[in-house]
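In this note's numbering, the protein residues as written are 1 to 141. To start, the structure under review is shown below, and the notes come after it.
Set out below in structure tokens:
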């Protein structure tokens with residue numbers, strides 16, 4: 001997998017804050033790069049949404065717990081709608097301003113045709129995309 005190597009190159013001083021929304025192989029690549037006292041807000045684990053059992057391979061929980069302890073990593077779960085739903089309008093206003101100012105960088109994967117939506121969703125849940133998946137239903141006229 002090339003992700004661990006790419007992350008290490010992109011984060012030569014390690015990672016202080018990682019917004020966890022994916023889990024799985026992405027988190028596996030991030031974990032060794034987390035710095036001492038790193039913070040990890042956990043807001044989703046999309047890679048496991050379709051799981052029907054435990055992942056194949058060895059139990060990774062002891063490694064995770066040891067890393068959290070040794071590096072004093074703080075992890076906390078958040079459910080945005082329940083914990084911060086009252087601040088949605090404030091978020092939209094601030095985020096809109098940051099996007100316009102170029103302070104927020106994002107990636108989109110554009111898929112043409114509603115007929116491609118099921119495969120795009122499957123790919124999204126398998127972690128085959130990077131960034132937001134956008135389905136273009138019809139061409140702009």
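Beta carbons are placed, not taken as given, at the ideal position from N, Cα and C, and that holds for glycine.
CA-to-CA distance, residue j to residue i, given in whole angstroms
| i | j | result |
| --- | --- | --- |
| residue 115 | residue 11 | 38 Å |
| residue 2 | residue 30 | 12 Å |
| residue 36 | residue 139 | 48 Å |
| residue 129 | residue 123 | 7 Å |
| residue 111 | residue 69 | 42 Å |
| residue 103 | residue 14 | 21 Å |
| residue 84 | residue 131 | 23 Å |
| residue 96 | residue 89 | 11 Å |
| residue 72 | residue 113 | 47 Å |
| residue 58 | residue 16 | 27 Å |
Cβ pair residue i, residue j closer than 7 Å
| i | j | result |
| --- | --- | --- |
| residue 20 | residue 40 | yes |
| residue 109 | residue 133 | yes |
| residue 48 | residue 81 | no |
| residue 7 | residue 33 | yes |
| residue 125 | residue 50 | yes |
| residue 65 | residue 42 | no |
First and last residue of the uninterrupted beta strand (DSSP E) at residue i
| i | result |
| --- | --- |
| residue 160 | The structure shown does not extend to residue 160, since the chain spans only 1 to 141, so no value can be given for it. |
| residue 108 | 108 to 112 |
| residue 16 | 15 to 17 |
Host alpha helix (DSSP H) of residue i (start-end)
| i | result |
| --- | --- |
| residue 124 | 117 to 126 |
| residue 37 | That residue, residue 37, is in no alpha helix (DSSP H); its beta strand (DSSP E) goes 34 to 42. |
Residues of its chain near residue i, where Cβ-Cβ distance is below 6 Å and the 5 sequence neighbours each way are ignored
| i | result |
| --- | --- |
| residue 93 | none |
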